[in-house]
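Residue numbers (my numbering), protein chains in the order written: chain B, 167 to 281; chain X, 2 to 115.
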Amino acid sequence: SQQGEEDPQALSIQEGENATMNCSYKTSINNLQWYRQNSGRGLVHLILIRSNEREKHSGRLRVTLDTSKKSSSLLITASRAADTASYFCATDAWGWSEYGNKLVFGAGTILRVKS
Amino acid sequence: NAGVTQTPKFQVLKTGQSMTLQCAQDMNHNSMYWYRQDPGMGLRLIYYSASEGTTDKGEVPNGYNVSRLNKREFSLRLESAAPSQTSVYFCASSESGKSYNEQFFGPGTRLTVL
Numbered sequence: 167s168q169q170g171e172e173d174p175q176a177l178s179i180q181e182g183e184n185a186t187m188n189c190s191y192k193t194s195i196n197n198l199q200w201y202r203q204n205s206g207r208g209l210v211h212l213i214l215i216r217s218n219e220r221e222k223h224s225g226r227l228r229v230t231l232d233t234s235k236k237s238s239s240l241l242i243t244a245s246r247a248a249d250t251a252s253y254f255c256a257t258d259a260w261g262w263s264e265y266g267n268k269l270v271f272g273a274g275t276i277l278r279v280k281s
Numbered sequence: 002n003a004g005v006t007q008t009p010k011f012q013v014l015k016t017g018q019s020m021t022l023q024c025a026q027d028m029n030h031n032s033m034y035w036y037r038q039d040p041g042m043g044l045r046l047i048y049y050s051a052s053e054g055t056t057d058k059g060e061v062p063n064g065y066n067v068s069r070l071n072k073r074e075f076s077l078r079l080e081s082a083a084p085s086q087t088s089v090y091f092c093a094s095s096e097s098g099k100s101y102n103e104q105f106f107g108p109g110t111r112l113t114v115l
């Protein structure tokens with residue numbers, strides 16, 4: 167079963183608007199990462215947030231982490247058509263001893279930015 | 002640097018045929034991974050190699066075998082392909098197996114099993 171679950175499954179916005187995607191997970195984690203996947207391509211790492219961090223920024227990206235709620239959010243500000251992609255959260259499987267520290271990916275949010 | 006490369010890009014097999022998916026990285030990474038991605042699902046780990054000379058099962062290893070040929074190369078073999086193995090396969094690598102290391106992905110192999 168997947169550790170992370172993204173919400174919403176799909177999101178369509180206008181260029182210039184902000185896009186927010188959420189990720190919930192089940193077990194305690196050390197780190198949470200966000201990845202982007204353009205259509206027909208491999209995943210590209212966006213940002214990592216550690217379990218002792220609450221917020222992190224990278225350019226137009228803002229990630230928050232609430233370990234008490236076991237959830238994270240990815241905010242993309244001033245979206246562009248080029249942001250159209252699928253976005254995945256990935257958690258380590260701490261406490262899920264079968265997989266040790268390997269990453270477990272959610273099903274992703276499909277973001278479409280209309281120009 | 003090419004990063005992570007995968008061959009072939011596309012493949013169509015008949016049920017029962019075998020094939021090997023090739024993956025290579027030029028980043029001197031220790032850890033390598035094979036995932037499969039199915040519609041509406043995230044990536045699921047098939048096998049991984051924490052370091053040269055070691056391999057271990059992931060979440061969905063049945064029907065697959067792997068070989069870590071050297072530090073650069075990690076291949077995935079389907080011995081007797083089944084329609085359920087129709088998927089997009091991604092190879093990835095990271096500096097180590099620690100979860101704070103980002104993973105670098107190849108472009109994927111789209112496999113159809115008829």
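By construction, the Cβ of each residue, glycine as well, lies at the ideal position given by its N, Cα and C atoms.
- Residues of the stretch 46 to 64 of chain X that bring their beta carbon within less than 8 Å of a beta carbon in chain B comprise Leu46, Tyr49, Gly59, Glu60, in sequence order.
- With the criterion set as a beta carbon lying under 7 Å from some beta carbon of chain X, the members of the stretch 267 to 278 of chain B are Asn267, Lys268, Leu269, Phe271, Gly272, Ala273, Gly274, in sequence order.
- For tyrosine 90 of chain X, no chain B residue has a C-beta closer than 7 Å to its own C-beta; the minimum C-beta separation is roughly 11 Å.
- Note that the C-beta distance between glycine 41 of chain X and tyrosine 48 of chain X is not below 8 Å.
- Taking 8 Å as the cut-off, the Cβ atoms of threonine 8 of chain X and glutamine 26 of chain X do not count as close.
- Cβ neighbours of alanine 256 of chain B within its own chain (closer than 8 Å, five residues either side excluded): Gly170, Leu198, Gln199, Trp200, Tyr201, Leu269, Val270, Phe271, Gly272.
- The C-alpha of leucine 231 of chain B is placed about 12 Å away from the C-alpha of serine 194 of chain B.
- In this structure glutamate 80 of chain X is in contact with serine 19 of chain X, their Cβ atoms being roughly 5 Å apart against a cut-off of 8 Å.
- For the pair glycine 109 of chain X and aspartate 258 of chain B, the Cα-to-Cα distance works out to about 22 Å.
- The three-state secondary structure of glutamine 18 of chain X, taken from DSSP, is coil.
- Residue burial annotation: phenylalanine 11 of chain X is exposed, with fewer than 16 other C-beta atoms found within 10 angstroms of its C-beta.
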